[in-house]
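Enquirer: Quick note, the sequence shown lines up with residues 102 to 563 if you use the numbering used here.
Would you mind keeping the following structure in view while I ask a few things?
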Amino acid sequence: MIEKSLCEEVLGKALSTGADYAEIFAERSPATSLYMVDKRLEEISDSVNSGAGIRVMSGTRSVYGSTTDLSRAGLLLLAERVAEALGQGKCALSIHLTPMRVGCCSPILRPSSEVSKKEKLEVLKRCYFAALEADGRIKQVKARILDVDRNILIANSEGKYIVDRQVRTRLACSSIAEDQNGMESGFEGPGRRMGMEMFEKEVSPEKTGREASRVALARLGASFCPAGQMTVAIENGFGGVIFHEACGHSLEATAVATGTSQMAGKLGQKIAGEKVTAIDDPTEKNAWGSIDVDDEGTPTHKIVLIEKGILKSYMVDRLGSRRMNGMPLTGSARRQDYSYEPTSRMTNTYIDNGPDRNEDIISSMESGLYCAKMGGGSVNPISGAFNFSVEEGYLVKNGRLSECVKGASLIGTGSEVLLNIDMVGQNRFNGQGMCGSVSGSVPNEVGQPLIRISSITVGGRN
Numbered sequence: 102m103i104e105k106s107l108c109e110e111v112l113g114k115a116l117s118t119g120a121d122y123a124e125i126f127a128e129r130s131p132a133t134s135l136y137m138v139d140k141r142l143e144e145i146s147d148s149v150n151s152g153a154g155i156r157v158m159s160g161t162r163s164v165y166g167s168t169t170d171l172s173r174a175g176l177l178l179l180a181e182r183v184a185e186a187l188g189q190g191k192c193a194l195s196i197h198l199t200p201m202r203v204g205c206c207s208p209i210l211r212p213s214s215e216v217s218k219k220e221k222l223e224v225l226k227r228c229y230f231a232a233l234e235a236d237g238r239i240k241q242v243k244a245r246i247l248d249v250d251r252n253i254l255i256a257n258s259e260g261k262y263i264v265d266r267q268v269r270t271r272l273a274c275s276s277i278a279e280d281q282n283g284m285e286s287g288f289e290g291p292g293r294r295m296g297m298e299m300f301e302k303e304v305s306p307e308k309t310g311r312e313a314s315r316v317a318l319a320r321l322g323a324s325f326c327p328a329g330q331m332t333v334a335i336e337n338g339f340g341g342v343i344f345h346e347a348c349g350h351s352l353e354a355t356a357v358a359t360g361t362s363q364m365a366g367k368l369g370q371k372i373a374g375e376k377v378t379a380i381d382d383p384t385e386k387n388a389w390g391s392i393d394v395d396d397e398g399t400p401t402h403k404i405v406l407i408e409k410g411i412l413k414s415y416m417v418d419r420l421g422s423r424r425m426n427g428m429p430l431t432g433s434a435r436r437q438d439y440s441y442e443p444t445s446r447m448t449n450t451y452i453d454n455g456p457d458r459n460e461d462i463i464s465s466m467e468s469g470l471y472c473a474k475m476g477g478g479s480v481n482p483i484s485g486a487f488n489f490s491v492e493e494g495y496l497v498k499n500g501r502l503s504e505c506v507k508g509a510s511l512i513g514t515g516s517e518v519l520l521n522i523d524m525v526g527q528n529r530f531n532g533q534g535m536c537g538s539v540s541g542s543v544p545n546e547v548g549q550p551l552i553r554i555s556s557i558t559v560g561g562r563n
């Protein structure tokens with residue numbers, strides 16, 4: 102992508118005004134998307150995202166710039182501009198880079214970029230028609246298969262010269278059901294850091310389509326959820342989005358280092374129920390959010406964020422480390438692409454399995470709400486206050502699931518909900534999504550086993 106000798110020259114130029122650190126991030130990422138609606142292939146798109154970013158630092162000051170011109174002249178011009186923007190003084194340094202090998206937590210057998218569109222279309226059709234034919238009340242289906250082959254290079258003034266390849270594939274299906282009660286929708290979108298072998302090993306296109314339709318159909322006859330304080334059980338998979346949004350972002354150095362996080366200064370303190378252990382693990386094999394090396398060139402490892410309710414670690418990038426008095430890097434720096442400066446971000450973040458049997462969690466509830474699937478929502482990153490919709494929910498009466506309800510939302514704060522988790526099951530599973538923040542949109546997994554929250558505000562209708 103960029104020769105080592107040119108990287109050395111560019112880094113030297115970037116350091117020429119006295120920066121104490123310089124870094125090049127380059128990428129070439131071809132992507133393909135196929136989209137079906139109305140029983141036909143509506144769209145095929147191919148794209149290539151290619152460019153480089155250069156960052157310089159001095160203490161806790163940082164300057165970043167990017168370009169699509171990967172020629173020697175283009176890179177040297179960008180290096181000169183970011184160096185001048187830092188404007189510390191004059192310095193002449195010689196950089197010597199050493200190629201470094203990174204581990205591989207996600208072996209790829211059949212990269213999607215090397216597979217024909219015809220084969221991808223067959224997978225897409227299997228998903229689409231399984232969703233459409235699930236029930237006569239399914240009136241519309243939209244399905245998409247997409248893949249990206251992200252090839253990156255990282256070189257920095259510490260002497261690192263690293264290349265990495267990240268292949269991801271995702272299948273997404275949205276179904277709309279309609280009857281005399283109205284219209285409802287359902288969604289399913291599994292993704293993996295895999296190629297097309299994903300559909301041979303882990304993901305069934307038919308099951309994906311049928312699940313999207315199942316959720317839409319379940320909501321058709323649902324009554325509106327009552328509002329009030331309730332005991333709530335949240336199912337595994339995408340149920341973990343509440344921890345991700347309401348607490349996970351508060352553990353990123355992006356917020357902690359500036360003092361805007363509700364979790365700043367709480368290392369070693371109890372912040373959750375004693376059954377809660379939370380992990381960010383970028384090394385999970387073939388998981389959607391997995392990375393072997395972060396976007397600053399730091400090797401990744403499993404991070405225990407919370408252990409039995411006690412806050413153990415933050416997720417720390419290079420600039421965050423400098424702002425936090427040298428707190429060790431955790432391999433958590435991520436960015437959407439070369440046009441973004443990296444910052445600390447989650448990868449595969451989940452509440453780990455606990456001691457409780459799943460059947461005991463529901464049977465322990467005299468009344469309350471069971472959230473089978475969570476939807477989207479919003480969170481205040483400073484206060485941790487959140488509001489999340491429940492995509493599929495059921496009332497619980499006398500320890501048993503009752504009628505399906507719609508219009509429910511969970512309202513609270515991250516610090517409150519963590520302390521109110523009093524039962525944690527044993528069926529941990531992750532869901533896939535995209536997370537947006539200051540360094541763009543990046544692939545994330547969220548997850549948990551079935552959990553019980555002793556008390557939380559449920560929005561609905563009375």
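Even glycine gets a Cβ: it sits at the ideal position worked out from N, Cα and C.
Within 10 Å of its beta-carbon, does F344 have 16 or more other beta-carbons around it, so buried, or fewer, so exposed?
Expert: As a working mapping, residue 344 is identified with position 243 in the sequence shown. That one is buried.
Enquirer: Helix, strand or coil: how does DSSP classify G469 here?
Expert: Indexing the sequence shown from 1 puts residue 469 at position 368. Strand.
Enquirer: Can you pull the DSSP bridge partners for E124?
Expert: Start at 1 with the first residue of the sequence shown, and residue 124 comes out as number 23. Partner(s): R156 and N257.
Enquirer: By DSSP, does H323 sit in helix, in strand, or in coil?
Expert: Here residue 323 refers to the residue found at position 222 of the sequence shown. A small correction: the amino acid at residue 323 is Ala; His does not occupy that position in the sequence shown. In this structure, A323 counts as coil in the three-state DSSP scheme.
Enquirer: Would R271 and G296 be called neighbours here (beta carbons separated by less than 9 Å)?
Expert: On the sequence shown, residue 271 is found 170 positions in, with the first residue counted as 1. On the sequence shown, residue 296 is found 195 positions in, with the first residue counted as 1. It is not a contact, given that the beta carbons lie outside the stated cut-off.
Enquirer: State the CB to CB distance for the pair Y439 and F126, rounded to an integer number of angstroms; the pair is presumed to be in contact (CB under 8 Å).
Expert: Your numbering for residue 439 matches position 338 in the sequence shown. Your numbering for residue 126 matches position 25 in the sequence shown. Going by Cβ atoms, the distance from Y439 to F126 rounds to 6 Å, so yes, they are a contact pair.
Enquirer: Who does R293 pair with in a DSSP beta bridge?
Expert: Position 192 of the sequence shown, counting from 1, holds the residue named residue 293. Answer by DSSP bridge pairing, in chain order: T270.
Enquirer: Quick one: any contact between the segment 308 to 322 and the segment 266 to 284, if contact means 3 or more CB pairs under 8 Å?
Expert: The segment 308 to 322 is in contact with the segment 266 to 284.
Enquirer: Decide if the segment 456 to 473 is in contact with the segment 333 to 343; the criterion is three or more beta carbon pairs, one per stretch, under 8 Å apart.
Expert: yes
Enquirer: In or out: G290 buried (at least 16 other Cβ within 10 Å) or exposed?
Expert: Translated into positions along the sequence shown, residue 290 becomes position 189. It counts as buried.
Enquirer: Assign E144 to buried or exposed, taking buried as 16 or more other Cβ atoms, counted over all protein chains shown, within 10 Å of its Cβ.
Expert: Numbered from its first residue, the sequence shown carries residue 144 at position 43. Exposed.
Enquirer: Just the C-alpha distance for K403 and I380, rounded to the nearest angstrom, thanks.
Expert: Reading the sequence shown from its first residue, position 302 is the one you call residue 403. Reading the sequence shown from its first residue, position 279 is the one you call residue 380. C-alpha separation (whole angstroms): 7 Å.
Enquirer: What does the alpha-carbon distance come out to for the pair K140 and E285?
Expert: As a working note, residue 140 is residue 39 in the sequence shown. As a working note, residue 285 is residue 184 in the sequence shown. Computed Cα separation, rounded: 20 Å.
Enquirer: Quick check on D147: buried or exposed, where buried means 16 or more other Cβ atoms within 10 Å of its Cβ?
Expert: The count along the sequence shown starts at 1 and reaches residue 147 at position 46. Answer is exposed; the Cβ neighbour count stays below 16.
Enquirer: Going by the CB atoms, is the gap between K409 and V377 shorter than 9 Å?
Expert: Residue numbering aside, residue 377 sits at position 276 when the sequence shown is read from its first letter. Residue numbering aside, residue 409 sits at position 308 when the sequence shown is read from its first letter. Contact: yes.
Enquirer: Three-state secondary structure (DSSP) at G421?
Expert: By one-based count along the sequence shown, residue 421 stands at place 320. In this structure, G421 counts as helix in the three-state DSSP scheme.
Enquirer: So does the segment 527 to 541 actually touch the segment 263 to 270, counting three or more Cβ pairs closer than 8 Å?
Expert: no
Enquirer: Mark N449 as exposed unless 16 or more other C-beta atoms lie within 10 angstroms of its C-beta, in which case mark it buried.
Expert: Taking the first residue of the sequence shown as 1, we reach residue 449 at position 348. Buried, by the Cβ-count rule.
Enquirer: Flag this pair as yes or no: are the beta carbons of D250 and K221 separated by less than 9 Å?
Expert: Walking along the sequence shown from the start, residue 250 turns up at place 149. Walking along the sequence shown from the start, residue 221 turns up at place 120. Between D250 and K221, the gap from beta carbon to beta carbon reaches 9 Å or more.
Enquirer: Would a C-beta distance cut-off of 9 Å place L502 and I557 closer than the cut-off?
Expert: Position 401 of the sequence shown, counted from the first residue, corresponds to residue 502. Position 456 of the sequence shown, counted from the first residue, corresponds to residue 557. No, these two residues do not count as a Cβ contact at 9 Å.
Enquirer: Spell out whether any CB of chain D is found under 9 Å from the CB atom of K218.
Expert: Of the protein chains in this structure there is only one, and it is not chain D.
Enquirer: Look at the alpha carbon of T355 and the alpha carbon of A231, and state the distance between them as a whole number of angstroms.
Expert: Counted from its first residue, the sequence shown places residue 355 at position 254. Counted from its first residue, the sequence shown places residue 231 at position 130. Straight-line Cα distance between these residues: approximately 43 Å.
Enquirer: Tell me the DSSP secondary structure of Y415 in three-state form.
Expert: For the purposes of this step, residue 415 is taken as the residue at position 314 of the sequence shown. Correct three-state label for Y415: coil.
Enquirer: So what's P131 in DSSP terms, helix, strand or just coil?
Expert: Taking the sequence shown and counting its residues from 1, one reaches residue 131 at position 30. DSSP places P131 in strand when its eight states are reduced to three.
Enquirer: At the level of alpha carbons, what is the spacing between R294 and F300?
Expert: Within the sequence shown, residue 294 is the residue found at index 193, counting from 1. Within the sequence shown, residue 300 is the residue found at index 199, counting from 1. If you take the alpha carbons of R294 and F300, they lie about 12 Å apart.
Enquirer: In chain order, what residues of the same chain lie with their CB nearer than 6 Å to the CB of R419, ignoring the 5 residues before and after it?
Expert: Numbered from its first residue, the sequence shown carries residue 419 at position 318. Closer than 6 Å at Cβ, skipping near neighbours: E397.
Enquirer: Give the secondary structure of R566 by DSSP, where H, G and I count as helix, E and B as strand, and everything else as coil.
Expert: Residue 566 lies beyond the residue range present for the chain, which begins at 102 and ends at 563; the question has no answer from this structure.
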